[in-house]
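Student: Quick one: structure below, then a few questions.
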Amino acid sequence: MASRSRWLKFAAAHPLAAANFSHLERLAKFLLWQRGGWRFHFTGPAQLAAQLQAHFRDTATGRFDSNLIGERVYDHPIAVIACDAASLPPERANVQALGRHLDGCRIGFDLGGSDRKVAAVQDGKVVFSEETVWDPYFHPDPQYHFDGIMDSIRKAAAHLPRVDAIGASAAGVYVNNRVKVASLFRGVAPDVFNARVKDLFLEVQRAWNGVPFEVANDGEVTALAGSMSLGVNGVLGIAMGTSQAAGYVTPSGNITTWLSELAFAPVDYHPAAACDEWSGDYGVGAQYFSQQAVGRLLPASGIEPDTKLPLPEQLKLVQSLMKAGDPRARKIYETLGTYLGYAVAHYADYYDFRHLLILGRVTSGAGGDVIIAGAKAVLQTEFP
């Protein structure tokens, strides 16, 4: 896969020329987490290429990206290569068909940061579904994750005469059902991750006698489900839950090999923007389209919850206040809608979509309508 992107810079004599590198670095980070890859070919000034390489090598946030995307996903540290336009690799896109099967006896489960969901489907009819609260992020022993997954599958299987196939969705990067990067396992030490987590879903498949099994990024599954339910293609799906998830179905109805991990892709370029607690970087999607965003906006809204209240409970508080007509809660949803409107315009530079699917626990209830109305207002006013 090879993707191309154009970047406009200020001339060296321009008063804003000093901003060239920060803009380049933000663009590079966005492309890393949205498209994927480990090697940049750059036709701009050589000193900017060297500066970008130093960023990925020497800074904490750059090393985070190089480790997770470069080394863990693609087995190479990120490289920046200065070149001329004639040496740029041609653009190549890979797409694939996924899912759309409803026949037989199937189990599907989704692993979120605060709950896991499972459903049993027989010939297209849901015969069982359940949602279970769990807390996977900081558990150091992946046996916790394995036991939770197996528990959900067993409960679903009890409602089927047989199990023909199992499908899973979770935030992260998965290649041939192997875990490359996943926030669900952020509390697991690297050596334990390599020894147990990488093949955890293959272990689950073996426990179910090797039935057809597929694990995919939760955003891709979201977009695919939206495409199927709406009967359309060219769909960008954004889920606002514990974190942000995203997925994309092309105008031809396929999914791509792009990462679409927009939780880590910058949407706010202000240096004082909110920082992500895992990567330490600023302005990334997770801080604007998730339960984290709701929690971050609470002080500004004037709502003062118990400081020990977990994020899911903070969201429930805001939802209850919204239902009661509290204007402070409404302001939070209006702000999220404004965020979303500008982000959608930004995403449209990188995805060819005609339909936007918004879902996730943050969008539940009347607040979701306010978010959508706010996003539409921004798009109609700023990007008619």
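Each residue of the sequence shown is one higher than the one before, starting from 1285 at the first, in this note's numbering.
Beta carbons: idealized from backbone N, C-alpha and C, even for Gly.
Give me, in chain order, the residues of the same chain whose beta-carbon lies closer than 6 Å to that of I1522; leave out the 5 immediate sequence neighbours on both sides.
Tutor: Excluding sequence neighbours, I1522 sits near A1530, I1642.
Student: Using a Cβ-Cβ cutoff of less than 8 Å, which residues in the same chain neighbour L1336 once the five nearest sequence positions on both sides are dropped?
Tutor: Result list for L1336: F1305, L1308, E1309, A1312, F1324, F1326, V1364, in chain order.
Student: Using the Cβ count rule (16 or more neighbours within 10 Å means buried), how would you classify R1290?
Tutor: So R1290 ends up on the exposed side.
Student: Figure out for me which residue from K1401, S1604, R1580, S1585 has the closest Cα to the Cα of L1595.
Tutor: It is R1580.
Student: Out of curiosity, what's the CA-to-CA distance linking V1459 and H1360?
Tutor: Going by the C-alpha atoms only, they are around 16 Å apart.
Student: Quick one, are the C-beta atoms of A1301 and A1295 less than 9 Å apart?
Tutor: Contact flag set, yes.
Student: Decide if L1292 is buried, meaning its Cβ has at least 16 other Cβ atoms within 10 Å, or exposed.
Tutor: Counting Cβ neighbours within 10 Å, L1292 comes out exposed, since fewer than 16 surround it.
Student: Rounded to the nearest angstrom, how far is the Cβ of D1394 from that of R1400, given a contact under 8 Å?
Tutor: Contact flag correct, Cβ pair sits at about 7 Å.
Student: Identify every run of the beta strand (DSSP E) within the segment 1479-1521, keeping only runs that are complete inside it and at least 3 residues long; order them along the chain.
Tutor: With a minimum length of 3 residues, the continuous beta strand (DSSP E) runs that stay inside the segment 1479-1521 are 1497-1501.
Student: Less than 7 Å between C-beta atoms, sequence neighbours within five positions excluded: which residues of the same chain meet that for A1440?
Tutor: So the qualifying residues of the chain are I1391, V1402, A1403, A1404, F1412.
Student: My output table needs one value for S1648: the three-state DSSP class, helix, strand or coil.
Tutor: Coil.
Student: Between which two residues does the alpha helix (DSSP H) containing Q1528 stretch?
Tutor: No alpha helix (DSSP H) holds Q1528; the beta strand (DSSP E) holding it covers 1528-1533.
Student: Name the two residues that bound the continuous beta strand (DSSP E) containing G1392.
Tutor: Looking at the DSSP string, the run of the beta strand (DSSP E) that includes G1392 is 1389-1395.
Student: Can you tell me whether M1513 is buried or exposed? The criterion is at least 16 other CB atoms within 10 Å of its CB, across all chains shown.
Tutor: Residue identity check: residue 1513 is Ser in the sequence provided, not Met. Exposed is the call here.
Student: I'd like the span of the alpha helix (DSSP H) that includes A1302, first residue to last.
Tutor: It is not in any alpha helix (DSSP H) - A1302 carries neither H nor E in the DSSP assignment.
Student: Who are I1539's beta bridge partners in DSSP?
Tutor: Its beta-bridge partners are Q1380.
Student: Comparing alpha-carbon positions, which option in F1548, Y1566, F1469 lies nearest A1556?
Tutor: Looking at the Cα atoms, Y1566 is the closest of the given residues.
Student: Considering only heavy atoms of the ligand GTP, does any lie closer than 8 Å to the CB of F1393?
Tutor: The ligand GTP is absent from the structure shown, which contains no ligand whatsoever.
Student: With DSSP as the reference, label S1289 as helix, strand or coil.
Tutor: It is coil, neither helix nor strand.
Student: Taking the DSSP output, what are the residues bridged to E1415?
Tutor: K1401.
Student: Give the straight-line distance between the Cα atoms of G1346 and V1602, rounded to the nearest whole angstrom.
Tutor: The alpha-carbon atoms of G1346 and V1602 are separated by roughly 35 Å.
Student: Look at the Cβ atom of Y1626, then the Cβ atom of V1654, and state whether they are nearer than 9 Å.
Tutor: No. Outside cutoff.
Student: My guess is that Q1575 and G1525 are in contact by the Cβ rule of under 8 Å, so how many angstroms apart are they, rounded?
Tutor: Contact holds; Cβ gap of about 7 Å.
Student: Kindly confirm or deny that the segment 1533-1544 and the segment 1657-1665 touch, where touching means at least three C-beta pairs closer than 8 Å.
Tutor: Result no; under three Cβ-Cβ pairs closer than 8 Å.
Student: Which whole-angstrom value describes the C-beta separation of G1456 and V1447, a residue pair presumed to lie in contact below a C-beta threshold of 8 Å?
Tutor: Not a contact, Cβ separation roughly 24 Å.
Student: Tell me the DSSP secondary structure of Y1458 in three-state form.
Tutor: Three-state DSSP puts Y1458 in a strand.
Student: Which of the three DSSP states is assigned to F1348 in this structure?
Tutor: Three-state DSSP puts F1348 in a helix.
Student: What is the DSSP secondary structure of I1450, reduced to helix, strand or coil?
Tutor: Strand at I1450.
Student: Spell out the partners DSSP gives L1643 in its beta bridges.
Tutor: Paired residue(s): A1523.
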